[in-house]
Amino acid sequence: MGETAEQTAIREVAEETGIRGSVLAALGRIDYWFVTDGRRVHKTVHHYLMRFLGGELSDEDLEVAEVAWVPIRELPSRLAYADELIDKLQSDGPAALPPLPPSSPRRRPQTHSRARHADDSAPGQHNGPGPGP
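Per this note's numbering, residue 5 is the first one in the sequence shown, and the count goes up by one each step.
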């Protein structure tokens, strides 16, 4: 039996950022295609609103160029791909999100990044700001 999309999100957030969290609400999904190693690949990305449970930001995973806490208004400039949810956040502000539970922790933003080498990622794949595959 495989993981649910929520379980996958929780695991991957922990592996790729060092942050432990729990899912509060689904925020939608995006589907896209890219080419790698001469073949077309379909990818579905599920977005979730998550509660911070603990951990420290880290980008030790080779799939990650940078991890950071950022204000919502900065998200569009940091995305590798256009996203309808971000468009809605820009037009409607935080009201576009499901209600947050009252106990959401407030922490000072942190950033952790490391220099990437050209051979760190597979051809045709991109993580972080800028144009993607």
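Cβ coordinates follow ideal geometry from the N, Cα and C atoms, glycine included.
Predicted, not measured: the structure shown is a model, and the values here were computed from it.
C-beta atoms of residue i and residue j nearer than 8 Å
i: Arg24; j: Leu57; result: yes
i: Ala13; j: Val27; result: yes
i: His50; j: Ala30; result: yes
i: Leu79; j: Leu101; result: no
Rounded distance between the beta-carbons of residue j and residue i, thought under 8 Å
i: Thr21; j: Leu66; result: Their Cβ separation, rounded to whole angstroms, is 13 Å, which puts Thr21 and Leu66 out of contact at 8 Å.
i: Arg44; j: Trp37; result: 6 Å
Local Cβ density within 10 Å of residue i, reported as buried at 16 or more and exposed below that
i: Asp41; result: exposed
i: Thr8; result: exposed
i: Ala99; result: exposed
i: Asp35; result: exposed
i: Ala69; result: buried
i: Asp63; result: buried
i: Ser95; result: exposed
i: Pro133; result: At Pro133, the pLDDT of 41 sits below 50, so the modelled position is not reliable and the matter cannot be decided from this model.
Rounded straight-line distance, which links the Cα of residue j to that of residue i
i: His46; j: Val39; result: 9 Å
i: Leu83; j: Met54; result: 18 Å
i: Ala75; j: Arg33; result: The question names Ala, yet the displayed sequence has Pro at residue 75. Near 21 Å, if we compare the C-alpha coordinates of Arg33 and Pro75.
i: Glu10; j: Arg77; result: 25 Å
i: Tyr52; j: Pro103; result: 13 Å
Span of the alpha helix (DSSP H) around residue i
i: Thr8; result: Run containing Thr8: none; DSSP gives neither H nor E here.
i: Arg55; result: Careful: Arg55 lies outside any alpha helix (DSSP H), inside the beta strand (DSSP E) at Arg43 to Gly59.
i: Ser4; result: Not covered by the structure: residue 4. The range shown for the chain is 5 to 137.
Endpoints, the beta strand (DSSP E) within which residue i is located
i: Val39; result: Ile23 to Thr40
i: Glu64; result: Neither: Glu64 is in no beta strand (DSSP E) and is coded neither H nor E.
i: Ala72; result: Glu70 to Ala72
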